[in-house]
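Inspection log for the structure reproduced underneath, given as structure tokens.
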Amino acid sequence: MRKERTIYSCTTCGHKEPRWVGQCRECANWNTFLESAAEDREPPRFNFQRKEVAKALPLKDLVISESPRIKTNLSEFDRLLGGGIVKGSFTLVGGDPGIGKSTLLLQAASAAAKQGVVVLYISAEESLEQTFLRAQRLGVTGNDNLLVLSETNFSAIKKNIEEIDPDIVIVDSIQIIYKNDIPSAPGSFVQVREVATEFMHLAKGRGISIFLIGHVTKTGEIAGPKMLEHLVDTVLYFEGEKQQNFRLLRVVKNRFGSTDEVAVFQMTGGGLVEVCNPSQFFLEERTKESTGSVIVATLEGSRTFLVEVQALVTDTVFATPSRRASGIDQNRLALLLAVLEKRVGYPLHSRDVFVSLAGGIRIAECAIDLGVILAIISSYSNRIIPSNVVAIGEVGLSGEIRGIPRIEGRLKEAIHLGFKKFFIPKRNSEAIMKEFSSKIQIIPLEVVEEAIDALFV
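Residues 1410 to 1866 (the working numbering) are what the sequence shown spells out, left to right.
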């Protein structure tokens, strides 16, 4: 699209003015300006344009070559990405401040650089000195392939990318980068949207794997437009409490692999360390002979975790009893307590009830319902549940125990850690009885009362 505008040019020196003036500011001559029309071309919306025009092809004629993925020395990180970093991929990493986002990507960048991969780490929030000190704390030495740039202007960043032509670019963080031609402040809706789209064009057009680190809101969601999550290929969320030394890295979107996968890392003085056996990690501080404790098997993506559910039931001193939950949904706890009162007959209306998942992990799966109920009853009756028991099952409003998916994987993980007795839904027992009955004791259940009778009567 073209548009015309009028300018005035000095016939002596060529100096231009937007309006007619009597004396030229450059050569000081009088009455030398003549009117002329100038053509301006509007700049393209995005700085990077593809060299070739895209053409439509029949689906049957498409031939896709499997490009090798870039591996890091963090096997869990590679697994979440679907086997490694894909060339030209666009990834968003979110999480609370100080949770370990920059630490993880700096460690991954160092590992990739040691394999000959050129990595450009854009530190928009920290100076080069701060980034160097952090690398020293993590033991990241780097080499000529790991380059660090402290810049917030997108035009300067784009120029460096074109000159260096890296294989991987890490942007820390997207909310700090800005474009000069947009009047709004860095981190605003428009700035984040436009800058992210520019990086997307760079990733797809030049075949660069780009990682964006994003801030989160107080509700835990990535700040900025929701379009940011739709724009990228992969979305990774860091979870965990700063007071705890473990971190969960969860995949909620992945165009190159499976979703809902999770990896466990332990934060140490030397950076993030992979936890290859999360179940053993969560159970290592468990006290076996204590009331209000039971083990549950939960799924996170394709992996099975064994987690300890702890409950504490005490007499209340207030008119309204307290119900507190840590690691599970507060509304789900209220529902289970109502089932215990109405269907089983436990008078919990005058008791304070506290339920927690040991280790600080959060679980949204309903398969831990039976374990939560048994832990509450154990604390209420002050009776110990055997340490080799694993409880699995969803509890309905009528007190029935519903079936759960992928029961075989849960049992295999528990058997591997030495558990021998399992309370499971009757619906799941028929399919697994032949395979596991010779190795372990399986107690199929239809209602909550059957589990209580088997344990406490």
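Note that beta-carbon positions come from the ideal geometry of N, C-alpha and C, so glycine has one too. Here the structure is a predicted model, which means the values were calculated and not measured.
Identity of the residue in the options nearest residue i by Cα
i        : options                                : result
Arg-1530 : Val-1578, Val-1495, Ser-1484           : Per the sequence shown, residue 1530 should be read as Tyr rather than Arg. Of Val-1578, Val-1495, Ser-1484, the residue nearest in Cα terms is Val-1578.
Pro-1814 : Ile-1824, Glu-1803, Gly-1680           : Glu-1803
Glu-1405 : Gly-1680, Ala-1767, Leu-1645, Cys-1775 : Shown here, the chain extends from 1410 to 1866; a query on residue 1405 therefore has no answer.
Gly-1736 : Val-1726, Gln-1719, Gly-1769           : Gly-1769
Lys-1835 : Glu-1855, Glu-1809, Met-1609           : Glu-1855
Leu-1515 : Leu-1490, Pro-1506, Gly-1503, Val-1528 : Val-1528
Asn-1482 : Asn-1440, Leu-1657, Cys-1419, Ala-1522 : Ala-1522
Arg-1792 : Val-1502, Asp-1470, Pro-1687, Ile-1861 : Ile-1861
Leu-1900 : Ile-1416, Gly-1493, Gln-1600, Val-1857 : Residue numbering for the chain in the displayed model covers 1410 to 1866; residue 1900 lies beyond these limits and cannot be assessed.
Ala-1776 : Lys-1843, Thr-1550, Gly-1423, Arg-1811 : Arg-1811
Gly-1525 : Ile-1849, Asp-1553, Glu-1444           : Asp-1553
Val-1762 : Asp-1778, Leu-1779, Arg-1733, Val-1753 : Arg-1733
Thr-1809 : Val-1799, Ala-1823, Asp-1778           : According to the sequence as given, residue 1809 is Glu; it is not Thr. For Glu-1809, the nearest C-alpha among the options comes from Asp-1778.
Glu-1538 : Thr-1415, Asp-1470, Ser-1559           : Ser-1559
Cys-1685 : Lys-1662, Phe-1655, Val-1703           : Phe-1655
Pro-1868 : Gly-1492, Leu-1443, Gly-1491           : Residue 1868 falls outside the range modelled here, since the chain spans only 1410 to 1866, and no answer is possible.
Val-1877 : Val-1599, Ser-1807, Lys-1567, Ile-1704 : Since the first and last residues shown for the chain are 1410 and 1866, residue 1877 lies out of range.
Val-1753 : Ser-1731, Glu-1844, Ser-1807           : Ser-1807
Pro-1477 : Ser-1484, Gly-1492, Asn-1438           : Gly-1492
Glu-1485 : Glu-1859, Leu-1657, Met-1842, Phe-1865 : Leu-1657
Leu-1501 : Thr-1628, Ile-1566, Val-1601           : Val-1601
CB of residue i within 8 angstroms of CB of residue j, strictly
i        : j        : result
Thr-1707 : Ile-1772 : yes
Val-1819 : Ile-1801 : The amino acid occupying residue 1819 in the given sequence is Arg; Val does not appear at that position. Yes.
Ser-1582 : Gly-1623 : yes
Ala-1533 : Ile-1586 : yes
Ile-1489 : Leu-1645 : For clarity, residue 1489 is Leu in the given sequence; the question names Ile instead. Yes. Within cutoff.
Val-1682 : Gln-1675 : yes
Leu-1621 : Val-1580 : yes
Leu-1542 : Ala-1518 : no
Cutoff 8 angstroms; reference residue i; Cβ partners in own chain excluding five residues on either side
i        : result
Tyr-1789 : Val-1722, Tyr-1755, Leu-1757, Arg-1760
Asp-1548 : Residue identity check: residue 1548 is Gly in the sequence provided, not Asp. So the qualifying residues of the chain are Gly-1679, Gly-1680.
Phe-1691 : Phe-1714, Leu-1715, Val-1716, Glu-1717, Ala-1767, Gly-1768, Ile-1770
Thr-1561 : Ala-1533, Ile-1585, Ile-1586, Tyr-1587, Pro-1595
Pro-1687 : Val-1673, Arg-1712, Phe-1714
Val-1599 : Ile-1591, Ser-1593
Ser-1731 : Thr-1725, Asp-1761, Val-1762, Phe-1763
Backbone CA spacing between residue i and residue j [nearest angstrom]
i        : j        : result
Ser-1564 : Phe-1647 : 30 angstroms
Asp-1724 : Glu-1717 : 24 angstroms
Leu-1513 : Lys-1425 : 54 angstroms
Ala-1840 : Pro-1595 : 57 angstroms
Phe-1714 : Glu-1774 : 12 angstroms
Gly-1805 : Phe-1727 : 30 angstroms
Thr-1643 : Thr-1677 : 26 angstroms
Gly-1633 : Val-1472 : 37 angstroms
Ile-1631 : Gly-1509 : 15 angstroms
Gly-1649 : Gly-1507 : 11 angstroms
Val-1673 : Leu-1611 : 31 angstroms
Gly-1876 : Pro-1575 : The requested residue 1876 does not occur in the structure, where the chain is confined to residues 1410 to 1866.
Arg-1450 : Val-1557 : With a pLDDT of 49 at Arg-1450, under the threshold of 50, the modelled position of that residue is not reliable, and the figure given next carries that caveat. For Arg-1450 and Val-1557, the distance between alpha carbons rounds to 35 angstroms.
Ala-1465 : Met-1609 : 21 angstroms
Ile-1479 : Asp-1487 : 9 angstroms
Ile-1824 : Val-1781 : 21 angstroms
Met-1636 : Asp-1505 : 20 angstroms
Thr-1415 : Ser-1445 : 6 angstroms
Ala-1544 : Ser-1536 : 12 angstroms
Glu-1638 : Ser-1511 : 19 angstroms
Glu-1844 : Gln-1653 : 38 angstroms
Gly-1551 : Ser-1418 : 55 angstroms
Ser-1846 : Lys-1821 : 12 angstroms
Arg-1546 : Thr-1540 : 10 angstroms
Gly-1629 : Ile-1570 : 31 angstroms
Own chain residues within Cβ distance below 6 angstroms of residue i, not counting five before or after
i        : result
Ile-1852 : Phe-1832, Ala-1863
Ala-1720 : Gly-1701, Val-1764, Ala-1784, Ile-1785, Ser-1788
Asn-1837 : Gly-1812, Ile-1816
Thr-1626 : Ala-1632
Ala-1520 : Thr-1481, Asn-1482
Own chain, CB closer than 7 angstroms to residue i, minus 5 neighbours either side, in chain order
i        : result
Glu-1709 : Val-1671
Glu-1603 : Lys-1588, Ile-1591
Cys-1422 : Cys-1433, Glu-1435, Cys-1436
Lys-1829 : Asn-1797, Ile-1849, Gln-1850
Gly-1431 : Trp-1439, Asn-1440
Thr-1420 : Thr-1441, Leu-1443
Beta carbon proximity, residue i to chain D, threshold 8 angstroms
i        : result
Ala-1720 : Checking the listed chains, one finds no chain D in this structure; it contains a single protein chain.
- Cβ pair count under 8 angstroms reaching 3, the region 1743 to 1751 against the region 1664 to 1671: no
- Is the region 1615 to 1622 touching the region 1495 to 1502, taking contact as three or more C-beta pairs under 8 angstroms? yes
- Query: Given 8 angstroms as the limit, is there contact between the region 1734 to 1746 and the region 1689 to 1702, that is, 3 or more CB pairs closer than that?
  - Reply: no
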